[in-house]
Amino acid sequence: MGFFGSLFGTETKIEKKKEVSDEIDISEAVAAHVSWKLRLQKCLDGTSEEKLDADVVCRDDQCKLGKWIHGSALKHFDGLQAFLDLREDHATFHQLAGQIVRHAQVNEHAYAHALMEGDYKHVSHRVVMALTELNEELVG
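For the sequence shown, the working numbering gives the first residue as 7, with consecutive numbering after it.
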């Protein structure tokens, strides 16, 4: 039995999948997180056309996924380890992205690049994998 089946039982499984799907498009959230690497790389290269504010980037409750994680997702998943892990990894993702922006803006490009290729890359992968697994449950 899948994640939602074991969580909600078979009778409400379809209803809960629909409710979650109405709240957030998981595929869109994955795409948004994948796009951050390019956004940060452009910031590092000095080719970005957007002005990233590290004080906003570091907050995990400002993006669409973060608003969902801190909002309506709680009624579905609060207390579940998989959700708690996603929430923690998503917060770490944004903290690291904010650090990369800060270091890039003060010309500490080597350190920012090391963060991107190390901790950021690892936690970004974890967020995308968790979202992909959640999406497979929703559409599967």
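All C-beta atoms, glycine included, are put in the ideal place defined by N, C-alpha and C.
Are the CB atoms of residue i and residue j nearer to each other than 7 Å?
i, j, result
"residue 133", "residue 95", "yes"
"residue 121", "residue 101", "no"
"residue 92", "residue 136", "yes"
"residue 116", "residue 66", "no"
"residue 54", "residue 99", "no"
"residue 50", "residue 118", "yes"
Answer with buried or exposed for residue i, where buried requires no fewer than 16 other C-beta atoms within 10 angstroms of its C-beta.
i, result
"residue 128", "exposed"
"residue 87", "exposed"
"residue 40", "exposed"
"residue 113", "exposed"
"residue 44", "exposed"
"residue 140", "buried"
"residue 90", "exposed"
"residue 17", "For residue 17, the predicted model reports a pLDDT of 45, less than 50, meaning its position is unreliable and no value from the coordinates is stated."
The region 49-66 touching the region 103-113, judged by at least three CB pairs closer than 8 Å:
Yes: at least three Cβ pairs fall under 8 Å.
Assess, as a yes-or-no matter, whether the region 22-33 is touched by the region 76-91 under the definition of 3 or more beta carbon pairs within less than 8 Å.
yes
Ordered list of alpha helix (DSSP H) runs contained in the region 24-64, each at least 4 residues
Those alpha helix (DSSP H) runs which fall completely within the region 24-64 and span 4+ residues are 32-51 and 60-63.
Please list the segments of the alpha helix (DSSP H) lying wholly inside the region 94-132, counting only runs of 4 or more residues, in order along the chain.
115-121
What runs of the alpha helix (DSSP H), each 4 residues or longer, lie entirely inside the region 67-96?
Listed in chain order, the alpha helix (DSSP H) elements of length 4 or more contained wholly in the region 67-96 are 70-75 and 79-83.
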